[in-house]
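Asks:
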Amino acid sequence: MIIEEHQPVWERTEWTQDVSKPLVPGWLKLKSGRALIDFLSGTTIALEGPAELGINSDNRAYLKTGRLAVVGSARDHEFTLTTAKLTLLSESASFGLSVNDDEQTELHVFSGSVSITHSQEKPDSNMKQDQTPETTDELVVSAGQAILFDSAGQEVTRQLADQSQFPTRDQFAVADPPGDIPALDFAAQQIQPYSFQDGQYELPTDYQVIEQGKGIRLWGNAWKKVEINKEITPNTVIEFDFRSSHEGQIHGFGFDSDDHYDKDNYVFQIFGYEVRPGIGQQFNTYSGTDWKRFRIRVGRYLTGKQRYLHFLADEDVIARAESQFRNVRIYEAPTKQ
Numbered sequence: 123m124i125i126e127e128h129q130p131v132w133e134r135t136e137w138t139q140d141v142s143k144p145l146v147p148g149w150l151k152l153k154s155g156r157a158l159i160d161f162l163s164g165t166t167i168a169l170e171g172p173a174e175l176g177i178n179s180d181n182r183a184y185l186k187t188g189r190l191a192v193v194g195s196a197r198d199h200e201f202t203l204t205t206a207k208l209t210l211l212s213e214s215a216s217f218g219l220s221v222n223d224d225e226q227t228e229l230h231v232f233s234g235s236v237s238i239t240h241s242q243e244k245p246d247s248n249m250k251q252d253q254t255p256e257t258t259d260e261l262v263v264s265a266g267q268a269i270l271f272d273s274a275g276q277e278v279t280r281q282l283a284d285q286s287q288f289p290t291r292d293q294f295a296v297a298d299p300p301g302d303i304p305a306l307d308f309a310a311q312q313i314q315p316y317s318f319q320d321g322q323y324e325l326p327t328d329y330q331v332i333e334q335g336k337g338i339r340l341w342g343n344a345w346k347k348v349e350i351n352k353e354i355t356p357n358t359v360i361e362f363d364f365r366s367s368h369e370g371q372i373h374g375f376g377f378d379s380d381d382h383y384d385k386d387n388y389v390f391q392i393f394g395y396e397v398r399p400g401i402g403q404q405f406n407t408y409s410g411t412d413w414k415r416f417r418i419r420v421g422r423y424l425t426g427k428q429r430y431l432h433f434l435a436d437e438d439v440i441a442r443a444e445s446q447f448r449n450v451r452i453y454e455a456p457t458k459q
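Sequential numbering from 123 applies to the sequence shown in the numbering used here.
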């Protein structure tokens, strides 16, 4: 889905380009401006107009012309980009790709590596689900490298990668909290089990208030909720710090209006080895054991009155998951155009 825009001018196609509306296989034609697009399998790209981008599936796209950058990716996540002559496969890499009107292609790799093969046939102009051309050969481009390819897909020259040529995530950065927004005080909250998920299968679950009340630590197979009574709008943002010393299946947070968990209760997953359906894997980016700041415009994914905010350290097997959250703030971000 498109989650942010900056002065976009879209050429009308048969597909919607509305912010926060799910995208389906088809063409996006951006005449000018920029758009930040989440592929729910775990990749985020920044697209800069003029550009024509074909969406094949939630982990595959075709750049006909224009300029884009992969600016976010879940851990161990593969994403495929094709052009008229090349197929690019990345696993959690950050890179820029441009294709001009003469079908000359430039690839700049900023982190990780990208594997390139030559496409044997050009993708059809009518984009189809999971459509991909057959490929041959393989070339691996590492971080810091850039390659220019001619219209036949043959290498012309190599140079140093230049990130300044491509759109960045910072150009879409969610604004800082306006004024002095207080962090959620867990010491003043009644912390309760969330639905049937907390301690499911009679596994251990527990929590501890930390950081002088400004944080919470969960462990075991824990889903805990606090009452917030917030109206979530398209511009609502949640900001927090997170860390974990033991990876479980799912670490994250979610909102609920009635404490009755079902398939419509989305979880924003930020860590964990289980692929959680719903919101997608684009925020599953945590690694290591240190604190990491997250700032997510949750209103792009759900809106309406929400009574509860819940946090989780889910592990249905051995109940050893651990999650720590601190400095949790919910605020309304001004629209940036």
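For each residue, glycine too, the CB sits at the ideal point set by N, CA and C.
Kindly give me the distance between the Cβ atoms of residue 210 and residue 238, rounded to whole angstroms, as I take these residues to be in contact under 8 Å.
Replies: Sure, about 6 Å apart at Cβ, within 8 Å.
Asks: On the three-state DSSP scale, how would you describe residue 309?
Replies: If DSSP states are grouped into helix, strand and coil, residue 309 belongs with the helices.
Asks: Where in the region 318 to 380 do unbroken runs of the beta strand (DSSP E), each at least 3 residues long, occur, reported from the N-terminal end onward?
Replies: If we require 3 residues or more, the beta strand (DSSP E) runs fully inside the region 318 to 380 come out as 327 to 332, 337 to 342, 344 to 354, 358 to 365 and 372 to 378.
Asks: Three or more beta-carbon pairs under 8 Å between the region 185 to 193 and the region 428 to 444, yes or no?
Replies: Judged by Cβ distances under 8 Å, the region 185 to 193 makes no contact with the region 428 to 444, as fewer than three pairs qualify.
Asks: Let me confirm a value: residue 135 is counted as buried when at least 16 other C-beta atoms fall within 10 Å, else exposed. Which label applies?
Replies: Burial call: exposed.
Asks: Can you tell me whether residue 420 is helix, strand or coil according to DSSP?
Replies: Reduced to three states, the DSSP call for residue 420 is helix.
Asks: In angstroms, rounded to a whole number, what distance separates the CA positions of residue 350 and residue 221?
Replies: Each residue's Cα considered, the two are about 47 Å apart.
Asks: Relative to the C-alpha of residue 395, which residue among 124, 408 and 401 is closest?
Replies: Looking at the Cα atoms, 408 is the closest of the given residues.
Asks: For residue 156, list the residues DSSP reports as bridge partners.
Replies: BP columns for residue 156 point to 128 and 170.
Asks: Please classify residue 392: is it buried, with 16 or more other beta-carbons within 10 angstroms of its beta-carbon, or exposed?
Replies: Residue 392 should be labelled buried.
Asks: Taking residue 188 as part of the beta strand (DSSP E), name the residues at either end of that continuous run.
Replies: Unbroken beta strand (DSSP E) run through residue 188: 182 to 195.
Asks: Compare the Cα-Cα distances from residue 421 to each of 353, 337 and 322 and report the closest residue.
Replies: Ranking 353, 337 and 322 by Cα distance to residue 421 puts 353 first.
Asks: Give me, in chain order, the residues of the same chain whose beta-carbon lies closer than 8 Å to that of residue 290; leave out the 5 immediate sequence neighbours on both sides.
Replies: Only 168, 191 and 193 meet the Cβ criterion.
Asks: Apart from the five residues on each side of it in sequence, which residues of its chain come closer than 8 Å, Cβ to Cβ, to residue 156?
Replies: Correct list, in chain order: 127, 128, 129, 130, 168, 169, 170, 171, 289, 293 and 294.
Asks: For residue 147 and residue 177, which I take to be in contact (beta-carbon distance under 8 Å), what is that distance rounded to the nearest angstrom?
Replies: Sure, about 5 Å apart at Cβ, within 8 Å.
Asks: Which residues in the same chain have their Cβ closer than 6 Å to the Cβ of residue 440, if we skip the five residues on either side of it in sequence?
Replies: Excluding sequence neighbours, residue 440 sits near nothing in its chain.
Asks: With distances taken between CB atoms, is the gap from residue 346 to residue 329 smaller than 7 Å?
Replies: Yes, these two residues count as a Cβ contact at 7 Å.
Asks: Which residues bound the beta strand (DSSP E) around residue 436?
Replies: Here the beta strand (DSSP E) through residue 436 covers 426 to 436.
Asks: For residue 325, which option in 342, 203 and 317 has the closest C-alpha, if you only look at C-alpha atoms?
Replies: Closest by alpha carbon: 342.
Asks: Could you name the residues of the same chain whose beta carbon sits closer than 8 Å to that of residue 403, not counting the 5 residues immediately before and after it, in chain order?
Replies: The residues are 162, 163, 164, 196, 199, 391 and 397.
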